[in-house]
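*Asks:*
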Amino acid sequence: MAENDRSRVLRRALEACVLGEVEALPELFTADVTGRSPNMLVTSLDELADVVAFREAALSDVTVQVDALDVVGNKGYMEYRLSAVFSGPFVIDDDTVVDPNGQEVRIGAALVVEFKANKISRLSHLAGCWRATRDGCSDPTA
4 MAENDRSRVL
14 RRALEACVLG
24 EVEALPELFT
34 ADVTGRSPNM
44 LVTSLDELAD
54 VVAFREAALS
64 DVTVQVDALD
74 VVGNKGYMEY
84 RLSAVFSGPF
94 VIDDDTVVDP
104 NGQEVRIGAA
114 LVVEFKANKI
124 SRLSHLAGCW
134 RATRDGCSDP
144 TA
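Each residue of the sequence shown is one higher than the one before, counting from 4 in my numbering.
(1) Please report how far the alpha carbon of Asp138 lies from the alpha carbon of Val94, in whole angstroms.
(2) Just curious, the alpha helix (DSSP H) that Glu18 is in, first and last residue?
(3) Specify the secondary structure class of Ala71 as computed by DSSP and reduced to three states.
(4) I'd like the span of the beta strand (DSSP E) that includes Glu82, first residue to last.
(5) Within the continuous alpha helix (DSSP H) that includes Glu26, where are the two ends?
(6) So Met81 and Ala52 are supposed to be a Cβ contact under 8 Å. How far apart are they, rounded?
(7) Gly105 lies in the beta strand (DSSP E); which residues open and close that run?
(8) Which word fits Gly38, buried or exposed, when buried means at least 16 other C-beta atoms lie within 10 angstroms of its C-beta?
(9) Is the separation between the beta-carbon of Asp64 and that of Ala87 shorter than 8 Å?
(10) Excluding sequence positions up to five away, which residues of its chain have a Cβ less than 6 Å from the Cβ of Ala27?
(11) Can you name the start and end residues of the beta strand (DSSP E) that Thr37 belongs to?
(12) Could you work out which residue in Leu62, Leu72, Leu126 is closest to Val101 when comparing CA atoms only?
(13) Which same chain residues end up closer than 8 Å to Thr66 when comparing Cβ atoms and leaving out the 5 residues on each side of it in sequence?
(14) Which term fits Leu13, buried or exposed, when burial requires 16 or more other beta carbons within 10 angstroms of its beta carbon?
(15) Can you check whether the CB of Val116 is closer than 8 Å to the CB of Ile123?
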């Protein structure tokens, strides 16, 4: 089945956010986008752009595998796995920065979005790690 326009937007939005491609965000998200994740809360495109810009330097050698993607009406759903090297500082907020350790990070996540026309207007991101460090969480299927 061919991927529809909203599916392409959802896939591209994930890629832009993970890779820190701030310049791509206006074509993918509404100006009044709202979003949340365990360590993010945004109420505008400008706030989302700030978050994405901070994340750009934290990960390198990023690969994303989409396991499931579906769009029904104005809602999109995606499950994916991300693998990357934690190679740069991860900025949580102005007072909290996690220093890199050079370890591989693996994350399994789900993303739920709502669309206005063909742009994302709301997002909810849920993630859990498989392995963050040798002593951190590990893949429960291993």
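Positions of the beta carbon are idealized from the N, C-alpha and C atoms, including for glycine.
*Replies:* So, to answer that:
(1) Taking the first residue of the sequence shown as position 1, residue 138 is located at position 135. Taking the first residue of the sequence shown as position 1, residue 94 is located at position 91. With a pLDDT of 49 at Asp138, under the threshold of 50, the modelled position of that residue is not reliable, and the figure given next carries that caveat. If I take the Cα positions, the gap works out to 21 Å.
(2) On the sequence shown, residue 18 is found 15 positions in, with the first residue counted as 1. Residues 8-22.
(3) To locate residue 71, count along the sequence shown from 1; it is residue 68. Residue state, collapsed to three classes: strand.
(4) Against the sequence shown, residue 82 aligns to sequence position 79. Per DSSP, Glu82 belongs to the beta strand (DSSP E) from 78-89.
(5) The residue you call residue 26 lines up with position 23 of the sequence shown. That residue, Glu26, is in no alpha helix (DSSP H); it is neither H nor E in DSSP.
(6) Here residue 81 is taken as the residue at index 78 of the sequence shown, counted from 1. Here residue 52 is taken as the residue at index 49 of the sequence shown, counted from 1. Actually they are not in contact, since the Cβ atoms of Met81 and Ala52 sit about 21 Å apart, beyond 8 Å.
(7) What you label residue 105 is simply residue 102 of the sequence shown in a count that begins at 1. It is not in any beta strand (DSSP E) - Gly105 carries neither H nor E in the DSSP assignment.
(8) As a working note, residue 38 is residue 35 in the sequence shown. Classification for Gly38: buried.
(9) Taking the sequence shown and counting its residues from 1, the one referred to as residue 64 is at position 61. Taking the sequence shown and counting its residues from 1, the one referred to as residue 87 is at position 84. Cβ atoms of Asp64 and Ala87: closer than 8 Å.
(10) The count along the sequence shown starts at 1 and reaches residue 27 at position 24. Ala19, listed in sequence order.
(11) Sequence index remark: in the sequence shown, residue 37 carries index 34 (1-based). Segment 32-40, the beta strand (DSSP E) holding Thr37.
(12) In the sequence shown, residue 101 corresponds to position 98, counting from 1. With distances taken between Cα atoms, Val101 lies closest to Leu62.
(13) Residue 66 sits at position 63 when you count from the first residue of the sequence shown. Taken in chain order, the residues that qualify are Leu85, Ser86, Ala87.
(14) Numbered from 1 along the sequence shown, position 10 holds the residue referred to as residue 13. Looking at its Cβ environment, which holds 16 or more other Cβ atoms inside 10 Å, Leu13 is buried.
(15) Taking the sequence shown and counting its residues from 1, the one referred to as residue 123 is at position 120. Taking the sequence shown and counting its residues from 1, the one referred to as residue 116 is at position 113. Yes.
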